[in-house]
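Undergrad: Line by line, the protein sequences give chains A and B.
5 is the number of the first residue of the first sequence in the numbering used here; add one for each residue after it.
73 is the number of the first residue of the second sequence in the numbering used here; add one for each residue after it.
The beta-carbon is built from N, C-alpha and C at its ideal position, and this holds for glycine as well.
No experiment lies behind these values; they were computed from the predicted model shown.
Structure incoming, see below.
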Amino acid sequence: MNDNSTEKPAAQQVATNVEELERRSRTAARLFDVRRIIGGLFVVYGVLVTLAGVFASDEDLKKAQDININLWTGLAMLLLGLGFLLWLRLSPTIPPPAPEDEE
Amino acid sequence: MLHLAEGLRLPTNGLDYTLLGIYFAVVLGIGFAARRSVKTSLDFFLSGRSLPAWITGLAFVAANLGATEILGMAANGAQYGVYTVHWYWIGAIPAMVFLGLVMMPFYYGSKVRSVPEFLLHRFGPSSHLLSSIIFAVSSVLIAGVNLYALALVLKALLGWELWISIVVAGFFVLAYITLGGLSSAIYTEVLQFFVILAALIPLTVVGLKRVGGWGGISDTLSGEKGGAFMTAWDGTGIGSANPLGANWLTIVLGLGFVMSFGYWTTNFAEVQRALSAKNLSAAKRTPLIAAFPKIFIPAVVVIPGLIALVMEPTLGKHEDGLQYNDAIPVLMRDLLPNGVLGIAVTGLLAAFMAGMAANISSFNTVFTNDIWAAYLKKDQPDEYYVRTARWVTVVGVLIGMGTAFIASSFSNIMNYLQTLFSFFNVPLFVVFIIGMFWKKTTPAAGFWGLLSGTAGAMVNYFWFYKHGVIDIPSDQGANFVSSIVAFVLGAAVMVVVTLFTRSKPVEELAGLVYGTRSPGAEEPPGEGDDAWYRRPALLGWGAVILAALCYIPFSF
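Structure, rendered in structure tokens:
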């Protein structure tokens, strides 16, 4: 177990390395906002499933114990999707200032 | 591992496949869109440590909410009844809160990029390399098990051939992780979280109506299985028999303490989500935000398991009939019309892929960062490691696909393997907890504690339990005992080794052991982080109290 000898410099080097990488990182500036994706997908899903609920057959209704489950699920998904888009609208992501973007 | 019966084929139509197709397209789109945010290896491995807490929190719970977990916990619900809530309220919440409040300052503040890297700082290279290798091997194999389970489920539900599912799902995971790294894994997990809820909530609502609500379930099952089946603690006295094969002591110590703390606090596939948060406050809040959905998940997983048992009383009774694992698929088949059915299939497939992606994204980080860059190819430019990580992802997924094909001929062995891997977390947890709270613990103690704990758990499971040396009524009960063995043995070895070897000088342990402060912990809190509803202590204790309150209706 000769773990001790080079330990401190190695650990410190890792920490400074991460700080340096954090400075050069581009995720914060360039990664799109996931709320747009959730909102978009759920609006599309919501519309499709709601339509399936509007045109539900008697067989569909019987299968789901006389609940128009497509209609309710569709509307709930639509609402969730719109909610995310609204949230994005009300508090958009503020991209942090990119100091030296060399690309 | 998952034995799905014949006759589970779902009546899917074009609408269902459209919903599934849209999901695949969106996931691929996330990969391509996230690609432009990857500039450094930190972007690829930890999303540049820049994500807000609600995203990392939901990804944290979603990484755990894989399809094997959903189908498995519904199966436990059908098999063990309301006892299954122990996996959530005592088997998850306290550990998640402990991770957020106590351990996260050390993980995040020390700026490590992985759980093994923390061991490098606290103990040194030998325990670092050992835990990195164990973790890398087990993640790839578990990814393969996941892929195989996915293929089995899709074969039963949709009639897809095994190899088609393995290749298609493997390819999509490969594509989006290689492109966008952890960011695309996390974004997909957040998306999957909402889709799976959109599937499970309607399923539970329709199912409850079918069996006459909670009262209906309770009356039917209390009549058939006895009253204890519908309670959390009845029949768990030491020496009394219950379906779980465990008493209150093994539940509290084995499941609630060692197994759960081992899984939630040292499993890098989980901790990685918190390490990608944008600051210490967000990192602490990640598992705490995840705890709240976790408390309520049994309502849409365990209840469907009970509903399935009421609807199909033969569940799990006959070898060639419906099995406990079929609980949720049976409800999907019998209760959901096309449309919501498509959402449910998508949610299940998404959950399998997210589970696999969590393993792959943590594997590429540990392999590249802790094995390749630390011991094989040091001091290369950062771009080199981003390239390496992408290739490691490709290789990892391919090995996972290979494992899935091998697993299809050895389904029993894979079942054991998964139990086995759950043991690796417990010894790691012993090493962490002792290393964090006892500053004298020596580097040698870290290594030998890890090794002996792992070996002890294996010996208990494969020899004592499987060969009947000691008598434990069920596999679950054996898992609880193995983890207690791993914990006690690992701890004893660490104490003894520490007494005979030299500890590290105190000044090298700053920010790594309790009572010291790391340089990272001193960064000022972000704007708005001092709002009362963002205070970690409030969130954490709130979750613990809520989980305790949830027990009340099922305890008397």
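What separation, rounded to the nearest whole angstrom, lies between the Cα atoms of residue 553 of chain B and residue 326 of chain B?
TA: 6 Å
Undergrad: So, helix, strand or coil for residue 523 of chain B, using DSSP?
TA: DSSP places residue 523 of chain B in the helix class (H, G or I) of the three-state scheme.
Undergrad: So which of B:271, B:527, B:152, B:169 has the shortest CA-CA distance to residue 615 of chain B?
TA: B:169
Undergrad: For the region 258-275 of chain B, enumerate the residues whose C-beta is nearer than 7 Å to any C-beta of chain A, in chain order.
TA: Answer in chain order: 259, 262, 263, 266, 270, 274.
Undergrad: Is it true that the CB of residue 428 of chain B sits closer than 7 Å to the CB of residue 215 of chain B?
TA: yes
Undergrad: Going along chain A, which residues have a C-beta under 7 Å from residue 163 of chain B?
TA: In chain order: nothing, as chain A lies at least about 29 Å away.
Undergrad: To the nearest angstrom, how far is the alpha carbon of residue 423 of chain B from that of residue 538 of chain B?
TA: 32 Å
Undergrad: How is the alpha helix (DSSP H) around residue 200 of chain B delimited, first residue to last?
TA: 197-230
Undergrad: Check whether the Cβ of residue 93 of chain A lies closer than 7 Å to any Cβ atom in chain B.
TA: no
Undergrad: If you run the structure through DSSP and keep just helix, strand and coil, what is residue 164 of chain B?
TA: Coil at residue 164 of chain B, not helix or strand.
Undergrad: Helix, strand or coil: which one does DSSP assign to residue 137 of chain B?
TA: coil
Undergrad: If you measure between the beta carbons of residue 517 of chain B and residue 466 of chain B, is that distance less than 7 Å?
TA: no
Undergrad: Smallest Cα separation from residue 283 of chain B: which of A:40, A:63, A:68?
TA: A:68
Undergrad: Please report the straight-line C-alpha distance between residue 316 of chain B and residue 305 of chain B, rounded to a whole angstrom.
TA: 11 Å
Undergrad: So what does DSSP say about residue 60 of chain A, is it helix, strand or coil?
TA: Three-state result, residue 60 of chain A: coil.
Undergrad: What do you get for residue 53 of chain A, buried or exposed, if any count of 16 or more other CB atoms within 10 angstroms of its CB means buried?
TA: Per the 10 Å Cβ criterion, buried.
Undergrad: Quick check on residue 391 of chain B: buried or exposed, where buried means 16 or more other Cβ atoms within 10 Å of its Cβ?
TA: exposed
Undergrad: Could you tell me how far apart the beta carbons of residue 103 of chain B and residue 248 of chain B are, in whole angstroms, since I believe they sit closer than 8 Å?
TA: 3 Å
Undergrad: In chain B, which residues lie less than 9 Å from residue 64 of chain A when you measure between Cβ atoms?
TA: 409, 410, 411
Undergrad: Note down, in chain order, each residue of its chain lying with its Cβ closer than 7 Å to the Cβ of residue 201 of chain B, except the 5 sequence neighbours on either side.
TA: 447
Undergrad: Just to confirm, is the Cβ distance from residue 555 of chain B to residue 278 of chain B under 7 Å?
TA: no
Undergrad: Between residue 47 of chain A and chain B, is any beta-carbon pair separated by less than 7 Å?
TA: no
Undergrad: Can you give me the start and stop residues for the alpha helix (DSSP H) that residue 290 of chain B sits inside?
TA: 285-297
Undergrad: Give the secondary structure of residue 349 of chain B by DSSP, where H, G and I count as helix, E and B as strand, and everything else as coil.
TA: strand
Undergrad: Starting from the beta carbon of residue 206 of chain B, find every residue of chain C whose beta carbon is closer than 8 Å, and list them in chain order.
TA: The structure shown contains no chain C; the protein chains it does contain are A and B.
Undergrad: Which chain B residues are close to residue 58 of chain A, counting only those with a beta carbon under 9 Å from its beta carbon?
TA: None at all; the shortest Cβ gap to chain B is about 10 Å.
Undergrad: Is residue 123 of chain B helix, strand or coil when you go by DSSP?
TA: strand
Undergrad: Extract the residue ranges of the alpha helix (DSSP H) inside the region 64-99 of chain A, only unbroken runs of 4 or more that lie entirely within it.
TA: 73-94
Undergrad: Under 7 Å Cβ to Cβ from residue 85 of chain B, same chain only, skipping five residues before and after it: list those, please.
TA: 410
Undergrad: Taking just the CA atoms, how far does residue 426 of chain B sit from residue 36 of chain A?
TA: C-alpha of residue 36 of chain A to C-alpha of residue 426 of chain B: approximately 20 Å in a straight line.
Undergrad: Start and end of the alpha helix (DSSP H) containing residue 336 of chain B?
TA: Taken as a continuous stretch (DSSP letters only), the alpha helix (DSSP H) holding residue 336 of chain B covers 332-338.
Undergrad: Go through its chain and collect everything with a Cβ distance to residue 377 of chain B's Cβ below 6 Å, but skip five positions before and after it.
TA: 146, 149, 150, 399
Undergrad: If distances are taken between C-alpha atoms only, which option among B:154, B:573, B:255 comes closest to residue 513 of chain B?
TA: B:573
Undergrad: Whole-angstrom Cβ separation of residue 223 of chain B and residue 237 of chain B, contact assumed at under 8 Å?
TA: Contact holds; Cβ gap of about 4 Å.
Undergrad: Between the region 102-117 of chain B and chain A, which residues of the former have CB atoms less than 7 Å from a CB of the latter, in chain order?
TA: 102, 105, 106, 108, 109, 111, 112, 113, 114, 115
Undergrad: Please decide whether residue 84 of chain B counts as near chain A, where near means a Cβ-Cβ distance under 7 Å.
TA: no
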